[in-house]
Amino acid sequence: MTENQNLLAEQRRALILDEVRRRGGVRVNELTRRLNVSDMTVRRDLDALARQGVVEKVHGGAVPVAEASTHEPGFEAKSALELSAKEDIARAAAAMAVPGSAVALSGGTTTYALARHLLDVPDLTVVTNSVRVADVFHTARQAGGDTGGAATVVLTGGVRTPSDALVGPVADRAIASLHFDVLFLGVHGISAEAGLSTPNIAEAETNRRLVGSARRVVVVADHTKWGTVGLSSFAALDQVDAFVTDRGLSAAAREELAEHLPGLVVAGESPDDPDGSEDF
14 MTENQNLLAE QRRALILDEV RRRGGVRVNE LTRRLNVSDM TVRRDLDALA RQGVVEKVHG
74 GAVPVAEAST HEPGFEAKSA LELSAKEDIA RAAAAMAVPG SAVALSGGTT TYALARHLLD
134 VPDLTVVTNS VRVADVFHTA RQAGGDTGGA ATVVLTGGVR TPSDALVGPV ADRAIASLHF
194 DVLFLGVHGI SAEAGLSTPN IAEAETNRRL VGSARRVVVV ADHTKWGTVG LSSFAALDQV
254 DAFVTDRGLS AAAREELAEH LPGLVVAGES PDDPDGSEDF
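Oh and the sequence shown: position 80 is 93 in my numbering, straight run, nothing missing.
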């Protein structure tokens, strides 16, 4: 972590959380030196992260929370994490959307960030089971008027999850009757053994339908999702055409993913960077 007294609180907390996960724990005095902020500021940040349920405070510092495979954080809790990584991923993924095509976006905070970038792609038909994603396009249409080039949005319906995704039989039937060019899929966890997984069994089934209705599947997820395994797997890695992630993904993870995926895109790195993205 670099020292920066002017970091926004959410950025600073994202850096702290990344350090906790990477090292397995941090001390307050270490963070004050690295972030160049006061002891009180660091303690407030740790309090905020503890309230979100992503770290556990211990004497003198904090350690990561070992989440159960059934734990599903709410949308607001997840939206405060890895903000810059999600923006980089969203920008890179939006470049894959072809004007005039049919795209699907699953629920999640990364697909929510992606939706804002897709506003600049004309004549899209957007299928989504995310209330938040649909709201992005609805708000933009209201602000700009019903003009040519605006996306046509199909919201699947269904039962709402803590992450504001719509799942269940209603969503499944709607998705099964549709076909789209590319699916942009947010995930709770991704690993070589479990593939793509979620803590919500109903969401797993809905995600299976999304994958089955797509010509191409693009997973959009930051590096913290690698190695996380939820209760229910819904797709194997060989069903994924591309994985768009951020520069925090380790070299070992990149090598392992390259064995299973035809396309790995590391947002913010050039294609000819030896540790960067691969063509797909």
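By construction, the Cβ of each residue, glycine as well, lies at the ideal position given by its N, Cα and C atoms.
Boundaries (first-last residue) of the alpha helix (DSSP H) holding Leu127: Thr122 to Leu131
If you pair each beta-carbon of the region 183-195 with each one of the region 104-115, do three or more pairs fall below 8 Å? yes
Which residues does DSSP pair with Ala178 in a beta bridge? Ser143
Should the region 201-219 be regarded as contacting the region 122-136, the criterion being three or more beta carbon pairs within less than 8 Å? no
Roughly how many whole angstroms lie between the Cα atoms of Asp251 and Ala27? 31 Å
Between the Cα of Ser245 and those of Arg229, Gly170 and His201, spot the shortest distance and give me the residue it belongs to. His201
Are three or more beta carbon pairs between the region 221-233 and the region 63-72 nearer than 8 Å? no
Pull up the distance between the alpha-carbon of Ile188 and that of Lys99, whole angstroms please. 26 Å
Simplified DSSP assignment, three categories, for Ala22: helix
How far does the beta strand (DSSP E) with Ser97 in it extend, from its first residue to its last? In this chain, Ser97 is not harboured by any beta strand (DSSP E); it is covered by the alpha helix (DSSP H) spanning Leu96 to Ala107.
Only counting runs of 3 or more residues, tell me where the beta strand (DSSP E) segments fall wholly within the region 189-226, in order along the chain. 193-198, 202-204 and 208-211
Determine, using beta carbons only, whether Leu59 and Ala75 come nearer to each other than 7 Å. yes
Proximal residues to Thr294 (C-beta, below 6 Å), its chain only, five neighbours per side dropped: Within the shown structure, residues of the chain are numbered from 14 to 293, placing residue 294 beyond reach of any answer.
Grouping DSSP H, G and I as helix and E and B as strand, with all else coil, what is Thr169? coil
Taking the Cβ atom as the reference point for each residue, do Val166 and Val139 lie within a distance shorter than 7 Å? Yes, the Cβ-Cβ distance between Val166 and Val139 is below 7 Å.
Hey, would you say Asn213 sits closer than 7 Å to Thr169, going by beta carbons? Not closer than 7 Å, so no.
Which same chain residues, not among the five before or five after Ala184, have their C-beta less than 7 Å away from its C-beta? Asn142, Thr169, Gly170, Gly171 and Thr219
Nearest to Asp133 (by Cα), restricted to the options Ala107, Ser119, Asp148 and Ala147: Ala107
For Ser121 and Pro275, I'd like the C-alpha separation in whole angstroms. According to the sequence displayed, residue 121 carries Gly and not Ser. Taking the straight line joining both Cα atoms gives about 24 Å.
Kindly indicate the opening and closing residues of the alpha helix (DSSP H) around Glu43. Element bounds for Glu43: Val41 to Leu48.
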